Amino acid sequence: MRGTSSDGAPEPELGLELTQVGAYAVVAVTGEIDMYTVQKLREAVRQLIAEGKTRVAIDLTPTDFCDSSGLGLLIGARRRLADAGGALVVVCGNPRIRKLLDMTGLDKVLDVREAVPSE
Amino acid sequence: MSASKHDQRGEPAAVRFAFTPAAAYVRAARLVAADVASHAGVATGLLDEVRQAVGEACTRAILRHRDCGLDDLVRVEFSIGDRFIAKITDNAQDLRADSEGDHASSPHRNEARSNDHEAIEEDTLSEEITLIVLGGLVEDLVVTGPDREHGTTVTMSWPLPGRSPSADH
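First to last, the sequence lines map onto chains A and B. Residues 32 to 150 in my numbering are what the first sequence spells out, letter by letter. Residues 63 to 231 in my numbering are what the second sequence spells out, letter by letter.
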């Protein structure tokens, strides 16, 4: 279950781990991405862009669940990063989420890979 | 919860609830859906699909209420008969059918996040994607409405092993 913050409000059940792999700032996402938790991931991408890190890899391999809110975020993040002169890579070795990307055709719009690019 | 009313397919609602259109409740709705489906006997391999689909339909309903500045409850109903049926109903009427155009210019529209253009833009994308996901995910999917007086209802069903498939459509 979700934890609660000091004011009693439920905390998003979403974990973000930020690392740097080669040229990419990698955001590994654990937990569930839905319309409640997606704001946390949106803020993380914003922060990276603000820091000038515009080559970003969002790693959905450890993600338990992702719905259309997460897919909407990926499309928005791709555009914002491209506008900033960078690029978004979606790392997804998770068959359920991969199926979602394929089903919606986003596998052809987004740069989806099995691993973070090494270059 | 109630079992007094029958749905359009003639099955009594086994579980019925409603929630305020807030993102925090989508998870609860999809977990209840998977649990009720499991108890109904939906195959284990389909439970993820039920969970995802009900979550998508609830997300869509919340976004539709948010677009119209509605605080009305989103209604969810599960019925168990020849098939497991999930119905998610919103109250967001057809804005284009409103000749006054009051809703479209409502001061409540996206009021809470009027300065977060990225979030609003991504929500709009998400609302469109929900139907794409539902269409790809659920074999038996019917979306009715909206019209001038009612919102939309997303009705989905999944087979129950050993039951007659006569309830199909």
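C-beta: ideal position from N, C-alpha, C; glycine also. These numbers were taken from a predicted model, which means no experiment stands behind them.
Residue-level contact check: threonine 135 of chain A touches chain B, since one or more beta carbons of chain B fall below 8 Å from its beta carbon.
By the Cβ rule, the segment 77-84 of chain B counts as touching the segment 132-146 of chain B, because three or more pairs are nearer than 8 Å. Restricting attention to A:Arg129, A:Glu48, A:Gly116 and A:Gln70, the CA atom closest to the CA of aspartate 178 of chain B is found in A:Gln70.
With 16 or more other Cβ atoms from the protein chains shown falling within 10 Å of its own Cβ, glutamate 111 of chain B counts as buried.
Here DSSP, grouped into helix, strand and coil, assigns arginine 86 of chain A to strand.
Under DSSP, no beta-bridge partner is assigned to glutamine 78 of chain A. For the pair alanine 118 of chain A and arginine 86 of chain A, the CB atoms are nearer than the 8 Å cut-off. Residue pairing of arginine 78 of chain B in beta bridges, as defined by DSSP: B:Glu139. Of the candidates B:Ala102, B:Ile191 and B:Pro83, B:Ile191 places its Cα closest to the Cα of alanine 115 of chain B. Isoleucine 64 of chain A places its beta carbon 8 Å or farther from that of glycine 107 of chain A. For leucine 105 of chain A, the secondary structure class from DSSP, reduced to helix, strand or coil, is helix.
Against chain B, a Cβ distance below 8 Å from glutamine 70 of chain A picks out Ala181.
Contact residues of the segment 90-107 of chain A toward chain B are Asp98, Ser99, Ser100, Leu102, Gly103, Leu104, Ile106 and Gly107 (C-beta to C-beta distance below 7 Å). Taking a C-beta cut-off of 8 Å against chain B, the contacting residues of the segment 45-73 of chain A are Glu63, Asp65, Met66, Tyr67, Val69, Gln70 and Arg73, listed in chain order. Nearest CB-CB separation between serine 188 of chain B and chain A: below the 8 Å threshold. Nearest CB-CB separation between arginine 144 of chain A and chain B: not below the 8 Å threshold.
Taking C-alpha positions only, glutamate 189 of chain B is separated from aspartate 98 of chain A by approximately 11 Å. With contact defined as three or more Cβ pairs closer than 8 Å, the segment 121-141 of chain A and the segment 100-107 of chain B are not in contact.
Within the DSSP secondary-structure output, tyrosine 55 of chain A pairs in a beta bridge with A:Val52. Looking at the DSSP output, alanine 118 of chain A shares a beta bridge with A:Arg86.
Taking 9 Å as the upper bound on Cβ-Cβ separation, chain A lies near residues Ala84, Ala85, Ala86, Tyr87, Val88 and Arg89 of the segment 73-91 of chain B. Note on geometry: alpha-carbon atoms of histidine 212 of chain B and glutamate 73 of chain B lie some 22 Å from one another.
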